[in-house]
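*Asks:* So in my numbering, the last spot in the sequence shown is 369, and the numbers never skip. We put the CB at the ideal spot given by N, CA and C, even for glycine. Right, I'll just put the structure down here and ask away after.
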Amino acid sequence: MFTMVDTAIGALLLHQATTSLLFNNGAILGVSGLLRELVRTRSLAIASFFFGMALSYGAIKSIAPEVLPVYPNVKWDLGTTLFALTTSIMYCGGCTSGHMLCGIPRLSPRSFIATAIFFTTAATTFHILNPSLATSACPSKTPCYETIPSLVLKSRSLCLLLSLNALTIETLPRLYIPTIQTSASSPIARQAIYLLCGYTFGLGLLVSGMASPAKVSAFFAFSLFPLDLTKWDPSLLMVILCGMIPNMARWRWRGCTFFKTPLQGCDWKFVLGAATFGAGWGASGICPGPAILRAMAQPIWGSLWLLGFWLGGLT
Numbered sequence: 055m056f057t058m059v060d061t062a063i064g065a066l067l068l069h070q071a072t073t074s075l076l077f078n079n080g081a082i083l084g085v086s087g088l089l090r091e092l093v094r095t096r097s098l099a100i101a102s103f104f105f106g107m108a109l110s111y112g113a114i115k116s117i118a119p120e121v122l123p124v125y126p127n128v129k130w131d132l133g134t135t136l137f138a139l140t141t142s143i144m145y146c147g148g149c150t151s152g153h154m155l156c157g158i159p160r161l162s163p164r165s166f167i168a169t170a171i172f173f174t175t176a177a178t179t180f181h182i183l184n185p186s187l188a189t190s191a192c193p194s195k196t197p198c199y200e201t202i203p204s205l206v207l208k209s210r211s212l213c214l215l216l217s218l219n220a221l222t223i224e225t226l227p228r229l230y231i232p233t234i235q236t237s238a239s240s241p242i243a244r245q246a247i248y249l250l251c252g253y254t255f256g257l258g259l260l261v262s263g264m265a266s267p268a269k270v271s272a273f274f275a276f277s278l279f280p281l282d283l284t285k286w287d288p289s290l291l292m293v294i295l296c297g298m299i300p301n302m303a304r305w306r307w308r309g310c311t312f313f314k315t316p317l318q319g320c321d322w323k324f325v326l327g328a329a330t331f332g333a334g335w336g337a338s339g340i341c342p343g344p345a346i347l348r349a350m351a352q353p354i355w356g357s358l359w360l361l362g363f364w365l366g367g368l369t
């Protein structure tokens, strides 16, 4: 169902996380890239980011467990296999967070191309594997595009948590880490920023609904011929309105100079990487960021996914 308010709040948290990491550490918040870097370098700073994501899951579970996504039982099916192997293929050079949340706001041609490819492939894969377009996110006969009341606004504790977090990520770096140079010269400061951004990013994924495989899949559940939107959940459009657009506006306002990224590396390998990533996303409803959170709830699934991620990274 359409969770307009909750997804908008979550998208604003995603905006804060990606912006803070960029301005304070000079890093792009692409989860697949960060995970590959962690495996390759065993960086304590990068590990702090994923520890922050784990903390966000624990915080939501203790304060507002009703917000947590409902995951299917652990099983190794076609969707999981495609997801595990394709989300780590390095040809694409990024994932939904790196290309959509961070690349498109930078007006990167590569990110526009990658997003168009993996979004189209994801929708196509979902339609092939689910011709009925049915998802557990919309089990009733009520059209899935109808708005439902906010779960976030019903919980005072969750509202307080999100408000304090939003205030902290906006003010703390400005008070103690005013420049990228200061952060780079202080490993502790750099780790603290990664931790805070990982925590905020995890909260954003959970609150927005992007951590829910069923909700993401429902975004692909539309029919054009004939036109049928009764099973389509438009919630993730709020990520564009309240996540990507604020990124673009704020980064321009802050004087970022990388808005004319050259079109390089868009060869057949890049196209193949984007297409295979989209196939895994469409088959499973999960991308690397939500996979980290799902691993907190289902460690066995997480272990299998990390194995597949490593194998896919060998390409």
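So what's THR201 in DSSP terms, helix, strand or just coil?
*Replies:* In the three-state reduction of the DSSP assignment, THR201 falls in the strand class.
*Asks:* Using only the alpha-carbon positions, how far apart do GLY356 and PRO342 sit?
*Replies:* 11 Å
*Asks:* For LEU278, write down the residues that DSSP places opposite it in a beta bridge.
*Replies:* LEU278 is bridged to LEU281.
*Asks:* Distance check for MET58 and PHE104, CA to CA, integer angstroms please.
*Replies:* 27 Å
*Asks:* If I'm right that PHE77 touches ARG308 with Cβ under 8 Å, what's the distance once you round it to whole angstroms?
*Replies:* 7 Å
*Asks:* Between ALA65 and MET292, which are expected to be in contact by the criterion C-beta below 8 Å, what is the C-beta distance as a whole number of angstroms?
*Replies:* 5 Å
*Asks:* Taking 8 Å as the cut-off, decide whether the C-beta atoms of ALA81 and LEU92 are in contact.
*Replies:* no
*Asks:* If you pair each beta-carbon of the segment 332-341 with each one of the segment 167-182, do three or more pairs fall below 8 Å?
*Replies:* yes
*Asks:* So the alpha helix (DSSP H) ASP60 belongs to, where does it begin and stop?
*Replies:* Run containing ASP60: 58-79, per the alpha helix (DSSP H) assignment.
*Asks:* So, with DSSP's three-state summary, where would you put CYS156?
*Replies:* helix
*Asks:* Need the endpoints of the alpha helix (DSSP H) that PRO126 sits in, please.
*Replies:* Counting along the chain, no alpha helix (DSSP H) covers PRO126, and no H or E run does either.
*Asks:* Please classify LEU279 as buried or exposed, where buried requires at least 16 other C-beta atoms within 10 Å of its C-beta.
*Replies:* At residue 279 the sequence reads Phe, which differs from the Leu that was named. Counting Cβ neighbours within 10 Å, PHE279 comes out exposed, since fewer than 16 surround it.
*Asks:* Can ASP60 and LEU205 be called in contact, C-beta distance under 8 Å?
*Replies:* yes
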